[in-house]
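For the record, in the sequence shown the residue sitting at position 34 is 45 according to the numbering used here, with numbers rising by one throughout.
Here's the structure, in C-alpha cells; my notes come after.
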Amino acid sequence: MKFSTFAILTLIQTTTVAAYTRSSTSLRMSSSTDSSSSPTTTKKIERRNIMKAPSFFRAGFKEQREEVEGIMQDQFKSNLVDDLRSNEYVIERDGVKVHLAKDFGFCWGVERSIALAYEAVKQFPEKNVHITNELIHNPEVNDHLKDMKVNFIDKTEEGGKDFEVVGDKDVVILPAFGASLEEMKYFDKKDVTVVDTTCPWVSKVWNTVDTHQKKGLTSIIHGKYAHEETIATTSFCEDYICVKDMKEAEYLCDYMLNGGDKEEFMNKFAKAMSEGFDPDTMLEKVGIANQTTMYKKETRAIGQLLQKTMMEKHGPQNVNEHYMEFDTICDATQERQDAVAELTENSEKLDLDFILVIGGWDSSNTAHLLEIPMNAGVRSFHINRADCITADNTITHRLMDGTIKTEEFLLNKREDGSVKMGVTSGASTPDAAVQESLGQIFLLNKVMFGKDA
Numbered sequence: 012m013k014f015s016t017f018a019i020l021t022l023i024q025t026t027t028v029a030a031y032t033r034s035s036t037s038l039r040m041s042s043s044t045d046s047s048s049s050p051t052t053t054k055k056i057e058r059r060n061i062m063k064a065p066s067f068f069r070a071g072f073k074e075q076r077e078e079v080e081g082i083m084q085d086q087f088k089s090n091l092v093d094d095l096r097s098n099e100y101v102i103e104r105d106g107v108k109v110h111l112a113k114d115f116g117f118c119w120g121v122e123r124s125i126a127l128a129y130e131a132v133k134q135f136p137e138k139n140v141h142i143t144n145e146l147i148h149n150p151e152v153n154d155h156l157k158d159m160k161v162n163f164i165d166k167t168e169e170g171g172k173d174f175e176v177v178g179d180k181d182v183v184i185l186p187a188f189g190a191s192l193e194e195m196k197y198f199d200k201k202d203v204t205v206v207d208t209t210c211p212w213v214s215k216v217w218n219t220v221d222t223h224q225k226k227g228l229t230s231i232i233h234g235k236y237a238h239e240e241t242i243a244t245t246s247f248c249e250d251y252i253c254v255k256d257m258k259e260a261e262y263l264c265d266y267m268l269n270g271g272d273k274e275e276f277m278n279k280f281a282k283a284m285s286e287g288f289d290p291d292t293m294l295e296k297v298g299i300a301n302q303t304t305m306y307k308k309e310t311r312a313i314g315q316l317l318q319k320t321m322m323e324k325h326g327p328q329n330v331n332e333h334y335m336e337f338d339t340i341c342d343a344t345q346e347r348q349d350a351v352a353e354l355t356e357n358s359e360k361l362d363l364d365f366i367l368v369i370g371g372w373d374s375s376n377t378a379h380l381l382e383i384p385m386n387a388g389v390r391s392f393h394i395n396r397a398d399c400i401t402a403d404n405t406i407t408h409r410l411m412d413g414t415i416k417t418e419e420f421l422l423n424k425r426e427d428g429s430v431k432m433g434v435t436s437g438a439s440t441p442d443a444a445v446q447e448s449l450g451q452i453f454l455l456n457k458v459m460f461g462k463d464a
C-alpha cells in the first residue's frame with residue numbers, strides 16, 4: 012500500500028466529485044455574507060458560504076504532505092497483505108490457508124480524511140486540536156490521533172456535544188462522516204480554524220437532498236437515523252424521513268398507498284423524521300438518498316419499491332413527477348460488498364472454515380460486509396482488533412444485531428489441523444490491522460496443532 016495524499020487530493024480535484032472539494036476556505040462567515048435570513052437561501056448555499064472563509068480548509072497543507080505520507084506508510088502498511096495481493100490473494104502460513112477478498116480495506120476517501128487530519132496536527136503544532144467525532148470508525152486510527160494529542164469532543168448526557176471545550180484560536184477537525192449544518196454554523200461564529208475532512212461521496216448525498224429540496228420533494232433517507240453521517244445529511248434536508256431497512260420501507264410504502272394509523276406511524280418514526288413531518292401531506296413527491304455505507308442491494312430494492320409505489324398511486328405516466336432517484340452508494344462500499352459476496356459464493360468450493368471481517372464494531376460499512384456471508388449461512392466473525400482472538404482459542408466478535416459474543420474459534424475440523432479461511436476488511440480498516448489479526452490466527456493454529464509454515 013502506497014500512501015500518496017497528493018495523488019488522492021489530485022484525484023478528487025479531477026473527478027466528478029471535484030465540486031465538493033475545497034476552494035480555499037475557513038469557518039468564519041461575516042454578517043455581510045450571511046444570507047440565512049433570505050427566504051431563497053438553501054442549506055447548501057449556507058454551507059458553501061461558511062466554506063468560503065479563509066480559515067476553513069479542505070485541501071490540506073502541502074508543506075506537511077511528505078512527512079504525513081511517511082507516517083501513514085509506517086502505521087498502516089502491511090507486508091503480509093502486499094504478499095497476498097501479489098499472490099492472487101491467497102497465501103498459506105503455519106497451516107492456515109488465507110483467501111483475501113479482492114477489494115477490501117482503506118478507500119481513497121478514508122485515506123484522504125486521515126491525511127488531512129494528520130496534516131492539520133503538523134500544521135498547527137502550538138494549537139489545541141479538536142475533532143467533533145471519531146475521524147472514521149476504526150479504533151487504531153482514532154488511537155493514533157489521540158496519541159497526537161487530538162481532543163475528541165465528548166457527548167453530553169442529552170446527546171449533544173460539549174463544544175465549550177473549544178477555545179478561540181483552536182483548530183477543529185470535521186470527520187469523514189461530515190458535520191451537521193448546525194455544528195458548522197456554531198464554529199462559524201467562533202474564532203477557530205476548521206479542517207474539513209468530509210468524504211466527497213458524503214457531500215454528493217448532501218447535494219442530492221438539496222436537489223430534492225429545490226424540486227419540492229421529501230427526502231427518504233436509507234440509513235440509520237442516529238449514525239453520524241445520517242445526522243449530518245438530514246441537517247441539510249427540509250422534509251425527510253429515515254428508513255433503516257426494507258421492513259421499514261415496506262411499512263412506509265403501505266402507508267403511502269393505503270393510509271393507516273397515523274399515531275402509530277408517528278411513534279414508529281419519531282426520531283427519524285423532520286420536525287413537523289406529516290405523512291398525509293409530505294409523501295406525495297419523494298426522492299431517495301442514502302447513508303453511503305448502507306448495503307447496496309437493499310438501497311436498490313428500496314428504491315424500486317418506492318418507484319413501484321408511486322406508479323401504483325399516481326400512474327406510470329406520472330411517476331417522474333412524484334419520484335426521483337440518484338445512485339449515492341459510494342464506489343468503495345459497493346466494491347467491497349461485491350468482493351465479499353464473491354468470496355461467500357465460492358466458500359464451499361474453497362472449503363472455507365469461516366470468513367473473518369475486520370473493522371470497527373461501530374463501522375456501518377464493515378457491519379454490512381458481515382451480513383453477506385452470515386445471510387448465506389457461512390460461519391463468519393466480525394472483529395475490531397487483533398486481540399479479539401486470544402490464546403485460549405476464543406474469539407470475541409460482533410453479531411449482526413450488534414451484540415458482542417465470545418465463543419470457541421478454531422474447530423480443528425481436519426485431521427492435519429489445517430485451517431482454510433476467507434478474510435476481508437472495511438473501508439476504514441488499515442492493512443496493518445489485517446496483518447495483526449492474521450498473525451494471531453497463524454500463531455494460535457501453530458501452538459494448538461503444531462503446524463509449521
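Backbone N, C-alpha and C fix where the C-beta goes; we use that ideal spot for every residue, glycine too.
Just so you know, the alpha carbons of L127 and G71 end up roughly 5 Å apart.
For the 8 Å CB-CB criterion, D173 and I184 do not form a contact.
Between the C-alpha atoms of F365 and A300 there is a straight-line separation of about 34 Å.
Selection L268, G81 and G120 evaluated against K324 yields L268 as nearest (Cα-Cα).
If the five residues before and after I242 are omitted, its C-beta is found closer than 8 Å to the C-beta atoms of S191 and Y236, all from its own chain and listed in chain order. Check the Cα spacing between D362 and each of L354, I369 and K319: the tightest is with L354.
Look at the segment 250-293 and you find these whole runs of beta strand (DSSP E), each 3 residues long or longer: 251-254.
The segment 173-258 is shown to contain whole beta strand (DSSP E) runs of 3 or more residues at 182-185, 204-207, 229-233 and 251-254, in chain order.
A check of alpha carbon separations from I61 across R69, M195, E122 and E168 identifies M195 as the nearest. Taking the CA atoms as reference points, I232 sits about 34 Å from M83. Remark: C-beta atoms of M385 and M411 approach each other more closely than 8 Å. Of T435, K273, E447 and E336, the smallest CA-CA separation from V216 is found for E336. Two segments are said to touch when three or more pairs of C-beta atoms, one from each, lie closer than 8 Å; by this definition the segment 274-293 does not touch the segment 206-221. Judged by beta-carbon spacing, V109 lies within the 8 Å limit of V434, meaning their Cβ atoms are closer than that value.
The beta carbon of V351 sits closer than 6 Å to the beta carbons of A112, L380, I383 and T435 from its chain, once the five residues preceding and following it are set aside; these are given in chain order.
Pairing V445 with G106 gives a Cβ-Cβ distance that is not under 8 Å. Listed in chain order, the beta strand (DSSP E) runs fully inside the segment 364-421 are 365-369, 391-394, 405-409 and 415-419, counting runs of at least 3 residues. Cα atoms of N153 and G437: separation of roughly 15 Å, rounded to the nearest angstrom. Judged by DSSP in its simplified three-state form, S429 adopts coil rather than helix or strand. In this chain, the alpha helix (DSSP H) harbouring N331 covers V330 to H333. Here Y100 has H110, L111, A112 and K113 as same chain residues with Cβ atoms under 8 Å from its own Cβ, once five neighbours each way along the sequence are excluded. Relative to the Cα of E426, the nearest Cα in the group K225, G271, N357 and F460 belongs to F460. Non-local beta-carbon contacts of E239 in its own chain, meaning distances under 6 Å to residues more than five positions away in sequence, involve N144 and F188 in chain order.
With contacts defined as CB atoms closer than 8 Å, D199 and H141 fail to qualify as a contacting pair.
Runs of the beta strand (DSSP E) spanning 3 or more residues and lying entirely within the segment 117-173 occur at 140-142, in chain order. By DSSP's assignment, R104 forms a beta bridge with V107.
Residue environment for I415: exposed (fewer than 16 other C-beta atoms within 10 angstroms of its C-beta). In this structure, the CA atom of T229 is about 18 Å from the CA atom of R311. Taking a contact as a CB-CB distance under 8 Å, the pair T344 and K307 counts as one, their CB atoms being some 7 Å apart.
The C-beta of S391 has 16 or more other C-beta atoms within 10 Å across all chains shown, which makes the residue buried. Taking 8 Å as the cut-off, the Cβ atoms of T244 and V220 count as close.
In the displayed model, T310 falls within a helix according to three-state DSSP. Of the candidates G120, F87, I394 and G116, the residue whose Cα lies closest to the Cα of R409 is I394.
For F460, the three-state secondary structure derived from DSSP is helix. The Cβ atoms of P327 and G116 do not sit closer than 8 Å to each other.
I299 has I231 and E336 as its beta-bridge partners, per DSSP.
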